[in-house]
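Everything on this sheet refers to the single structure shown next.
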Amino acid sequence: MFRLAVLLLFLSKIGLSQTTVRFELIHDSLVSVPHRISQTDSLFKLRFYISQIKLIGNKKQPFRPEQEYFLIDFHHDSTTSRLIRFDSLDPKSIRKIEFTLGVDTKTSAGGIGEGVLDPVNGMYWTWQSGYINFKMEGFSDKSPARKNKFQLHLGGFKKPYVSVQTVALPIKQFTADQSVYFDLKKFMNGVNLQKQHTIMSPSKEAVVLTKLAKSCFYVK
Amino acid sequence: MGTLLLFSFFVSRRASIILPDYISQPVYSIPFDPNNNDTVQLGRMLFYDNLLSANNEVSCASCHNSYNAFAHTDHDLSHGIYDSIGNRNAPALFNLAWQTSFMWDGAIHHIEAQALAPLHDSRELGSSIEALISKLQSSGFYQTEFFKVYGDSLINSKRVLQSLSAFELSLVSLQSKYDRVNQGKEVFTEQEKQGYLLFQNHCNRCHTEPLFSNFEYLDNGLPIDSILLDYGRFIVTNVEKDKFKFKVPSLRNLSYTFPYMHDGRFDKLRQVLEHYGMIESSQGKRHVDVKSISLTFNEQSDLIAFLLTLNDEAFVFNKEQAFPERLKTELIKD
Chain A
1 MFRLAVLLLF LSKIGLSQTT VRFELIHDSL VSVPHRISQT DSLFKLRFYI SQIKLIGNKK
61 QPFRPEQEYF LIDFHHDSTT SRLIRFDSLD PKSIRKIEFT LGVDTKTSAG GIGEGVLDPV
121 NGMYWTWQSG YINFKMEGFS DKSPARKNKF QLHLGGFKKP YVSVQTVALP IKQFTADQSV
181 YFDLKKFMNG VNLQKQHTIM SPSKEAVVLT KLAKSCFYVK
Chain B
221 MGTLLLFSFF VSRRASIILP DYISQPVYSI PFDPNNNDTV QLGRMLFYDN LLSANNEVSC
281 ASCHNSYNAF AHTDHDLSHG IYDSIGNRNA PALFNLAWQT SFMWDGAIHH IEAQALAPLH
341 DSRELGSSIE ALISKLQSSG FYQTEFFKVY GDSLINSKRV LQSLSAFELS LVSLQSKYDR
401 VNQGKEVFTE QEKQGYLLFQ NHCNRCHTEP LFSNFEYLDN GLPIDSILLD YGRFIVTNVE
461 KDKFKFKVPS LRNLSYTFPY MHDGRFDKLR QVLEHYGMIE SSQGKRHVDV KSISLTFNEQ
521 SDLIAFLLTL NDEAFVFNKE QAFPERLKTE LIKD
């Protein structure tokens with residue numbers, strides 16, 4: 001009888017197996033960076049911070065991963081950066097994924113971080129302080145900048161230009177290996193590279209573009 | 221006699237920092253015993269080490285000299301690596317623990333992030349945090365130093381910047397004649413007393429006692445330099461009303477920190493007072509935050525006499541925050 005109980009307990013632990021949320025870049029099909037968008041446009045950098053990610057189910061307490069901050073990098077070498085692991089939860093109970101696009105304001109207002117928040121990752125401004133929440137770089141004929149480059153370094157955590165966004169994605173059937181997609185086509189259609197080609201400080205444009213980025217996340 | 225000598229030895233060591241009761245609580249915690257604080261001492265070595273620049277020739281101390289209250293005396297604009305001239309006058313470094321933002325325009329919101337700015341500026345240290353970390357990692361000396369402070373020899377941005385800021389936060393200047401008068405240990409001369417009254421009437425609103433700044437960003441009416449075209453705080457906030465605004469600097473240690481103003485345009489205090497005597501408050505769209513302060517020549521002399529009581533010699537000549545001997549030995553060894 002005791003053995004059976006232990007076995008049942010063991011089995012129920014297996015039922016609550018490890019779950020992962022995987023960020024994927026989609027442009028008709030799954031792609032990674034560098035990526036040729038069209039004859040005239042290409043992308044060679046796309047990285048952003050994710051913080052305060054949680055899976056919300058029918059329980060009061062949402063599920064959170066051990067790590068607090070993630071630097072999602074769509075470079076083809078950085079697949080592990082896009083995986084977020086959650087321990088022991090029942091995938092079937094999850095109804096919503098919620099996360100902050102960018103480093104949450106409280107952390108930004110503090111000092112220098114370590115790990116993915118270390119300024120050596122190139123996601124911290126030096127001429128003025130604060131994290132770059134979302135960084136996208138590429139080439140486009142539409143950009144009048146030098147070498148037709150476009151550089152969108154979107155950040156800012158102080159009023160009036162707060163570029164931190166909350167993304168909430170309701171989900172019908174959550175799986176143990178759940179993907180969250182970033183729709184590159186939608187983003188490229190929404191940005192006006194003739195005007196919005198070089199953004200490197202907290203500004204109105206940065207806020208507008210992080211709102212656009214927020215709208216590009218979806219789940220199937 | 222022997223006891224007196226021994227006593228004066230301990231006084232000159234100035235083992236710990238004591239905040240007088242008229243000083244408000246600082247924003248950052250101050251390392252009160254800097255001489256026995258390993259983090260401060262590591263930061264002090266980094267502060268004076270030329271290794272911070274791309275070509276190993278300049279350090280933080282090149283523009284922030286301890287003998288000048290950590291300002292760059294006699295330089296209107298500071299020069300960094302390869303004799304490059306910057307846009308602004310290097311500000312004096314002291315009492316930073318009471319400030320909530322840094323630089324003339326407040327671009328930096330946290331003291332730990334501050335050093336990244338000069339480190340990466342092509343006209344200052346011309347380097348990067350990545351380059352600095354790899355230099356430190358390949359130095360046996362620094363590996364040992366980091367181990368001493370952190371218990372392992374990991375060298376990352378956080379540790380480098382934390383130790384630099386610990387040293388900077390230990391730079392507390394509160395031992396001027398003004399402070400001794402405030403504590404009842406000394407008295408002002410008649411002239412200083414007159415000057416103090418003038419100060420309270422005309423200057424205290426922005427250069428607020430006892431730190432002698434409200435640390436706000438304000439327009440003091442200086443005409444813009446047509447070559448530098450420096451709009452100050454506006455560059456950071458992008459908000460029109462912030463044009464021409466710069467941080468109100470502390471008036472402590474003025475004898476050591478000349479030339480004055482964000483671009484070091486005035487060499488003498490009297491020139492500064494003359495500027496304040498002929499401010500036009502309303503200049504088209506521009507709203508100047510100071511009203512014209514007209515003082516007679518004698519009143520100016522009185523005011524200056526008071527301002528000189530804000531010099532803190534004990535701070536300026538404190539050997540414990542000057543170039544560290546240990547670094548000197550290390551440099552000779554190389």
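Quick note, the sequences are listed as chains A and B, same order.
Residue numbering for the first sequence follows our numbering, starting at 1 and increasing by one per position.
Residue numbering for the second sequence follows our numbering, starting at 221 and increasing by one per position.
Glycine included, C-beta positions come from ideal geometry on N, C-alpha and C.
Residue i, DSSP secondary structure in three states
| i | result |
| --- | --- |
| aspartate 439 of chain B | coil |
| proline 119 of chain A | helix |
| glycine 110 of chain A | coil |
| arginine 64 of chain A | coil |
| threonine 293 of chain B | coil |
| valine 164 of chain A | coil |
| lysine 135 of chain A | strand |
| glycine 504 of chain B | coil |
| arginine 47 of chain A | strand |
| glutamate 98 of chain A | strand |
| arginine 472 of chain B | coil |
| threonine 457 of chain B | helix |
| threonine 20 of chain A | strand |
| asparagine 275 of chain B | coil |
| arginine 264 of chain B | helix |
| arginine 82 of chain A | helix |
| histidine 299 of chain B | strand |
| leucine 449 of chain B | coil |
Whole-angstrom C-beta distance between residue j and residue i, which should lie under 8 Å
| i | j | result |
| --- | --- | --- |
| isoleucine 97 of chain A | valine 33 of chain A | At roughly 23 Å, the Cβ-Cβ gap does not stay under 8 Å, so isoleucine 97 of chain A and valine 33 of chain A are not in contact. |
| histidine 76 of chain A | lysine 185 of chain A | In fact, because the Cβ distance is near 19 Å, the residues do not count as touching under 8 Å. |
| serine 396 of chain B | aspartate 296 of chain B | At roughly 25 Å, the Cβ-Cβ gap does not stay under 8 Å, so serine 396 of chain B and aspartate 296 of chain B are not in contact. |
| valine 536 of chain B | asparagine 473 of chain B | 7 Å |
| leucine 389 of chain B | leucine 316 of chain B | 6 Å |
| tyrosine 437 of chain B | alanine 291 of chain B | Not confirmed; about 19 Å, so no contact. |
| phenylalanine 482 of chain B | asparagine 309 of chain B | Here residue 482 of chain B turns out to be histidine, not phenylalanine, going by the sequence shown. Indeed they touch by this definition, with Cβ atoms about 6 Å apart. |
| glycine 306 of chain B | arginine 343 of chain B | 5 Å |
| glycine 138 of chain A | histidine 330 of chain B | Not quite, the Cβ-Cβ distance comes to about 31 Å (not below 8 Å), so this is no contact. |
| isoleucine 447 of chain B | phenylalanine 464 of chain B | That belief does not hold up - the Cβ atoms of isoleucine 447 of chain B and phenylalanine 464 of chain B are roughly 16 Å apart, past 8 Å. |
Short CB-CB distance (under 8 Å) between residue i and chain A
| i | result |
| --- | --- |
| lysine 378 of chain B | yes |
| threonine 458 of chain B | Looking at the sequence itself, residue 458 of chain B is asparagine, so the reference to threonine does not match. Chain A, which has a Cβ nearer than 8 Å to the Cβ of asparagine 458 of chain B, makes this yes. |
| isoleucine 375 of chain B | no |
| isoleucine 353 of chain B | yes |
| leucine 389 of chain B | no |
| isoleucine 328 of chain B | yes |
| alanine 274 of chain B | no |
| arginine 308 of chain B | no |
| leucine 515 of chain B | no |
| isoleucine 499 of chain B | no |
| alanine 333 of chain B | yes |
| leucine 336 of chain B | yes |
| glutamate 350 of chain B | yes |
Cβ of residue i within 8 Å of any chain B Cβ
| i | result |
| --- | --- |
| isoleucine 37 of chain A | no |
| aspartate 118 of chain A | yes |
| alanine 206 of chain A | no |
| arginine 203 of chain A | The question names arginine, but residue 203 of chain A is serine in the sequence shown. Closer than 8 Å to some Cβ of chain B, the Cβ of serine 203 of chain A qualifies, so yes. |
| alanine 176 of chain A | no |
Proximity of residue i and residue j at Cβ, strictly below 8 Å
| i | j | result |
| --- | --- | --- |
| phenylalanine 182 of chain A | leucine 71 of chain A | no |
| phenylalanine 267 of chain B | glutamate 412 of chain B | no |
| glutamine 319 of chain B | phenylalanine 435 of chain B | yes |
| phenylalanine 86 of chain A | proline 65 of chain A | yes |
| leucine 336 of chain B | proline 144 of chain A | no |
| serine 377 of chain B | threonine 259 of chain B | no |
| aspartate 41 of chain A | methionine 188 of chain A | yes |
| valine 191 of chain A | leucine 212 of chain A | yes |
Nonlocal neighbours in the same chain, by C-beta distance under 7 Å from residue i, ignoring five residues either side
| i | result |
| --- | --- |
| serine 108 of chain A | Gly130, Tyr131, Phe157 |
| tyrosine 370 of chain B | Arg379 |
| isoleucine 455 of chain B | Asp325 |
| asparagine 270 of chain B | Asn276, Glu277, Val278, Ser279 |
| serine 163 of chain A | Gly102, Asn133, Leu154, Gly155, Gly156, Pro202, Ala206, Val207, Thr210 |
| valine 510 of chain B | Asn440, Gly441, Tyr496, Ile499 |
| leucine 11 of chain A | At leucine 11 of chain A, the pLDDT of 49 sits below 50, so the modelled position is not reliable; the number obtained from the coordinates is stated separately. None. |
Close-in-space but distant-in-sequence residues of the same chain around residue i (CB under 8 Å, 5 per side omitted)
| i | result |
| --- | --- |
| glycine 497 of chain B | Ser512, Ile513, Ser514, Leu515 |
| threonine 409 of chain B | Ala525 |
| serine 249 of chain B | Ala317, Leu389 |
Cut-off 6 Å between Cβ atoms - residues of its own chain near residue i, not counting five sequence neighbours on either side
| i | result |
| --- | --- |
| serine 286 of chain B | Gln541, Ala542 |
| leucine 391 of chain B | Leu313, Phe314 |
| tyrosine 69 of chain A | Ser51, Val116, Leu117 |
| arginine 546 of chain B | none |
| phenylalanine 322 of chain B | Ile328, Gln334 |
| glutamine 67 of chain A | none |
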